[in-house]
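Chains as they are written, first to last, in the numbering used here: chain A, 323 to 602; chain B, 323 to 602.
Don't be surprised by glycine CBs; every beta carbon is placed ideally from N, CA and C.
Working notes, beginning with the structure itself.
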DNA sequence: CTTGTATTTTTCATATTGTGAAAGTGAGTT
DNA sequence: AACTCACTTTCACAATATGAAAAATACAAG
């Protein structure tokens, strides 16, 4: 059962020096650029701030910071609000970032399926991938109901307290799973959150067996979420798909029924991107 | 009726040297950073490319480009695909960019209204703003119909061939309008596209008078679009909202009826962001 | 298996250019 | 009207970004 790698074809490998370092010391980077990107990142995280405050938060000289900001402003990556003297993330950052979605056709192909899933279940449908040990929400089709779950695309969320996250963890190879667990402590969000690693591992086995994950008020009280993994051509779980809604509508009686629909939809997306689910 | 400003509190105005230059020569920027951002922008526009190709396209030395890319990679802004040796825009760019939407509450507040608009008209509803003489689409609620218009959020589009674009142009102050017209030639997309400035100006007057704009197959044949402007507290048109769909469903008979609904929805968004429409 | 070629990655010497301190500027405040 | 504060620009200096060239590597051909 250890035949993970596919020796059937020679997949045009890299020339040049191999990037085996990966863990890297990454000495070969540009300092000033890296610092500037730190500014951009920081700016995107909080509210807009005036120069002086940024300089303090980032421990940089106002003069340098000012030049970084005006340079980024020149390309529209940040914006300056004259009224309040505050620097904000700019529209161009959104334009550039949004193009990430177009790269992988995952989002496009999943979208019609997400929509149908929403109509079938009546609940908001979400698509997410794993990124740096977190779940990154890529796309969403919202329910018509007025009480609805809401994960804006671009949101990052803890894996262990998310349906999609657990679905992905359950399919992860052991070593990678361990690394994720090591790097991300099991923070508690509600009384239902799984904070014990053993307990989580048990749940993951159940998920793998059942085919779908349940986030049972583990992130937000009153909200349930049913998720299933999406597989690529190498039978690796590259994304997850979920429906989420209030416990009142996603009642315990409905879970297995919804679970089947979610698995079905995830399998459809898998084949839409040329993938195929694990044979069990 | 000129009491715009709220005298109840001191609205913390700018100190320091005023940014009156605006047009600026912007000598005060960091060259290397600017070049790096150009790389990021370029990367987001096309498909993923290998280093050598990028170096040629951007006229930069491979060595420098390589360091820029690895630096950006370190922050997840670009990604390197080992299989094909291609550099792509990264997930972190999406994460950062997506936060732009959270800044202005416009999107959040408009979303429920967009949704209702979609349900009322049965057609895809869109929200967009003007950015650098173009229309930037921010958000969208798609119709249930299988034939539907599609502007992915983050898309930029020419103003003169877009419903939202024309609605915004119609409310623009003359000097700014002229500048936009000067900087953006009236490209022809279909036989219906307005390519004559005089003709466009005439249409804008009509739009201002009527309160909504019609894109009558001016960008894509077979597609109509009805749009209206959204106003902020200063009675400036800061965004626009539209429904778009095939000519078969948005027939000439329905236009005025849909127009009224769109105007109504736009007015609602206006008040949701604390704005108010022009009194006519 | 050996050699050749294309591409990426690193090294290295150089001067470009990013940097912080401090001076300058204007708006708000007393 | 003088003062204060925060942003913006100037300036001199050396840190560091840069490109040429060399090294490293994978793939292709003989």
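Assigned secondary structure, residue i (DSSP; H/G/I helix, E/B strand, else coil)
i                      : result
residue 412 of chain B : coil
residue 592 of chain B : helix
residue 345 of chain A : The predicted model places residue 345 of chain A with a pLDDT of 38, which falls under 50 and marks its position as unreliable; any figure quoted below should be read in that light. Of the three classes helix, strand and coil, the one that applies to residue 345 of chain A here is coil, per DSSP.
residue 483 of chain B : coil
residue 535 of chain B : strand
residue 478 of chain B : strand
residue 333 of chain A : The predicted position of residue 333 of chain A is uncertain, since its pLDDT is 25 and thus under 50; no value can be drawn from it.
residue 602 of chain B : Bear in mind that the predicted position of residue 602 of chain B carries a pLDDT of just 49, short of 50, making it unreliable; the figure below should be weighed with that in mind. Note: residue 602 of chain B maps to coil in three-state DSSP.
Identity of the residue in the options nearest residue i by Cα
i                      : options                       : result
residue 520 of chain B : B:568, B:544 and B:482        : B:482
residue 466 of chain B : A:473, A:436, A:449 and A:492 : A:436
residue 322 of chain B : B:536, B:525, B:540 and B:527 : It is not possible to answer for residue 322 of chain B, since the shown part of chain B is limited to 323 through 602.
residue 531 of chain A : A:594, A:581 and A:440        : A:581
residue 366 of chain A : A:354, A:391 and A:486        : A:391
residue 604 of chain B : B:357, B:518, B:558 and B:593 : Lying outside 323 to 602, the shown extent of chain B, residue 604 of chain B is not represented and no answer is given.
residue 453 of chain A : B:431, B:429, B:490 and B:413 : B:413
residue 352 of chain B : A:425, A:499 and A:395        : A:395
residue 440 of chain B : B:588, B:593 and B:594        : B:588
residue 404 of chain B : B:380, B:379 and B:373        : B:373
residue 455 of chain A : A:536, A:487, A:543 and A:350 : A:487
residue 350 of chain B : A:535, A:494, A:389 and A:514 : A:389
residue 494 of chain A : A:461, A:510, A:552 and A:543 : A:552
residue 583 of chain B : B:550, B:401 and B:498        : B:550
residue 538 of chain B : B:410, B:574, B:586 and B:503 : B:574
residue 480 of chain A : A:502, A:585 and A:496        : A:502
residue 533 of chain B : B:401, B:385, B:380 and B:579 : B:579
residue 554 of chain A : A:432, A:496, A:500 and A:499 : A:432
C-beta atoms of residue i and residue j nearer than 9 Å
i                      : j                      : result
residue 459 of chain A : residue 419 of chain B : no
residue 516 of chain A : residue 548 of chain A : no
residue 568 of chain B : residue 471 of chain B : yes
residue 449 of chain A : residue 562 of chain A : yes
residue 451 of chain B : residue 591 of chain B : no
residue 355 of chain A : residue 383 of chain B : no
residue 485 of chain A : residue 571 of chain A : no
residue 358 of chain A : residue 393 of chain A : yes
residue 417 of chain A : residue 476 of chain B : yes
residue 528 of chain A : residue 518 of chain A : no
residue 478 of chain B : residue 457 of chain B : yes
residue 424 of chain A : residue 430 of chain A : yes
residue 514 of chain B : residue 543 of chain B : yes
Rounded Cβ spacing between residue i and residue j (contact assumed at less than 8 Å)
i                      : j                      : result
residue 361 of chain B : residue 387 of chain B : 7 Å
residue 397 of chain B : residue 375 of chain A : So it is not a contact: roughly 22 Å between Cβ atoms.
residue 408 of chain A : residue 370 of chain A : 4 Å
residue 546 of chain A : residue 564 of chain A : That pair is no contact at about 10 Å.
residue 535 of chain B : residue 594 of chain B : Contact flag wrong, Cβ pair sits at about 21 Å.
Residue ranges of each beta strand (DSSP E) run of no fewer than 3 residues wholly in the stretch 549-590 of chain B, ordered along the chain?
-> 559-568
In chain order, which alpha helix (DSSP H) runs of at least 4 residues are fully inside the stretch 423-473 of chain B?
-> 428-443
Contained beta strand (DSSP E) runs [length at least 3] in the stretch 347-422 of chain B, N- to C-terminal order | 400-403 and 408-411
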